[in-house]
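Take a look at the structure set out below.
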Amino acid sequence: MTKVLIITNYYPPESGAASNRIHHLASGLFKNEYQVEVLTPLPNYPRGEIFEGFRGKFHSKAVEDGVTVHRLWIYASNSKNKILRLIAMLSYSFSLLWFILFHAIPKVVIIQSPPLLVAFTALQALRFGKRTRILNVSDLWPIAGRELGALKEGLGYSMLERIERSNYSNADLVLGQSQEILDHVSGLFPKKQTKLYRNYPEIAPPESQFHNQSGVIKVVYAGLLGVAQGIHKLCQNLNYSNIELHLYGNGAERKAIEEFIANNPDAPVFYHGELTRQELHAELNSYDLAIIPLLNRIYGSVPSK
C-alpha cells in the first residue's frame, strides 16, 4: 500500500473551503487504497485560537476515517497585524521541521500552498530522500494579497515572489484549483508538470422548494467572513426593501458584522454563527437564494461554493 503524507495549514474540525478540500483529497486517496497521513496545525481557523480539547498540546495524533492526522503546535492568531500572522506561520514551520526531522516521512508528499512560508519550509526540508513532492496551489500568493490590498509592492513583496518561484521550482508536480493558476506556473516554468484539480461536493442536491409567497426574498451566505468576501460592506450597501440577509460562518469581519447588526436593529440581517457542514446542508434548503461574493476579482482564485 503506497504511503502519502499531506502537509496543510487547514483540516477539519476547522471549517472552510481549504479544510474541506484537503479532507476530500485525503478521503479520496484512502478510498483508493493509499495509506494517508496528514500534518496540520492544532485546529484554530478561522477563530484564531486553539479549539477546545486541543489546548496545551504540542503534538496530537488520531486516526479519523482511516486517515492518520498529526496536529502540531502553532501560535494561533487571526489578527490583521502582519507581524503576528508571520509569527503564526513561523511557529507552524518550526513544528513542521521538528516532525520531519524526528519521524519517518513517506516517499510521496502533497504540500498545500498558501501559506507560502509553510510550503517553502516543507519543500526545502524534504529535498533529500528521493521523494515526490506535489504542490497543491489553491490561490496565487503574493498576487492575491496585492489584489486584495493586503500587500504592497516593495522589498517584502519581492521576497514573497522569490519564495513563490522557489516553491514552484522545487515541486515535482503542481496541482492548481484553476486554469489561471496553472497558466501562471507554466508562464514561469514552462517545463513544469501541472494538473488541474478541483473540489466538488459529495451530496445529493435537494429538489427545489422555492415557494416564496411573502414577497420577501431570504438570501443566505455561508462561509468565511473575511476581507476578500466583503460581507460587512455588503451589509452596509444592500437595499433591504424586499430581502433578508442570513449569514453563517466566522472570520476577520465577524465582529464588524455583529456591530452592524447591533447598530442597525431595523436592518433584516441575521447572523447565525457556525454550523457543521451536515447541519448547514439542511439549513440551506430553507432559503430562496444563496450568494457567492468576492469583493474584488482575484487572479487565479475560484470561490469554492
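Residue numbering for the sequence shown follows the numbering used here, beginning at 11 and increasing consecutively.
Glycine included, each C-beta is placed from N, C-alpha and C at the ideal position.
This one's a predicted model, so the numbers in the text were calculated from it and none came from an experiment.
Rounded straight-line distance, which links the Cα of residue j to that of residue i
i: Gln187; j: Leu150; result: 10 Å
i: Val184; j: Lys13; result: 19 Å
i: Leu158; j: Met11; result: 43 Å
i: Ser176; j: Val128; result: 13 Å
i: Thr50; j: Glu59; result: 15 Å
i: Tyr258; j: Ala27; result: 14 Å
i: Arg81; j: Tyr102; result: 10 Å
i: Pro200; j: Leu235; result: 36 Å
i: Glu293; j: Val77; result: 29 Å
i: Ile97; j: Leu305; result: 27 Å
i: Glu47; j: Ser251; result: 51 Å
i: Met169; j: Leu111; result: 26 Å
i: Ser105; j: Cys245; result: 39 Å
i: Ala154; j: Tyr297; result: 31 Å
Any non-hydrogen atom of the ligand SAH within 8 Å of residue i CB
i: Val77; result: Here there are no bound small molecules, and the ligand SAH is not part of this structure.
Residue environment, residue i, which counts as buried when at least 16 other CB atoms sit within 10 Å
i: Asn42; result: exposed
i: His242; result: buried
i: Gly256; result: For clarity, residue 256 is His in the given sequence; the question names Gly instead. Buried, since its Cβ has 16 or more Cβ neighbours within 10 Å.
i: Met99; result: buried
i: Glu163; result: exposed
i: Asn247; result: exposed
i: Val8; result: The requested residue 8 does not occur in the structure, where the chain is confined to residues 11 to 315.
i: Thr286; result: exposed
i: Ala72; result: exposed
i: Gly197; result: exposed
i: Ala132; result: buried
i: Asn91; result: exposed
i: Gln239; result: buried
Supposed contact pair residue j and residue i - C-beta distance, whole angstroms, cut 8 Å
i: Ile120; j: Ile144; result: 5 Å
i: Asn30; j: Arg57; result: The Cβ separation is near 17 Å, so there is no contact.
i: Gln122; j: Ile32; result: 6 Å
i: Pro53; j: Phe64; result: 6 Å
i: Asn274; j: His34; result: Actually they are not in contact, since the Cβ atoms of Asn274 and His34 sit about 38 Å apart, beyond 8 Å.
Close beta carbons around residue i, own chain, < 8 Å, minus the five adjacent residues each side
i: Glu254; result: Val226, Ile227, Lys228, Val229, Pro278, Val279 and Phe280
i: Gln189; result: Leu206
i: Ala160; result: Val237
i: Val195; result: Val147, Tyr178, Val184, Gly186, Lys202 and Thr204
i: Leu307; result: Sequence check: residue 307 is Arg here, not Leu. Excluding positions up to five away in sequence, the list reads Glu157.
i: Glu284; result: Ser25, Tyr258, Gly259 and Asn260
Cβ-based neighbour list, residue i, same chain, cut-off 7 Å, excluding 5 preceding and 5 following
i: Phe130; result: Ile173, Ser176 and Asn177
Residues of its chain near residue i, where Cβ-Cβ distance is below 6 Å and the 5 sequence neighbours each way are ignored
i: Lys315; result: Bear in mind that a pLDDT of 47 at Lys315, under 50, signals an unreliable position, so the number given afterwards is only what the model happens to contain. Closer than 6 Å at the Cβ level, and outside the excluded window around Lys315, lie Ile302.
i: Val1; result: This structure does not reach residue 1, given that the chain is present from 11 up to 315, and the question cannot be answered.
Would you call the stretch 176-196 and the stretch 130-137 in contact, with 3 or more CB pairs under 8 Å? These segments touch.
With a cut-off of 8 Å, do at least 3 Cβ pairs link the stretch 274-283 to the stretch 299-308? Verdict: no, contact absent.
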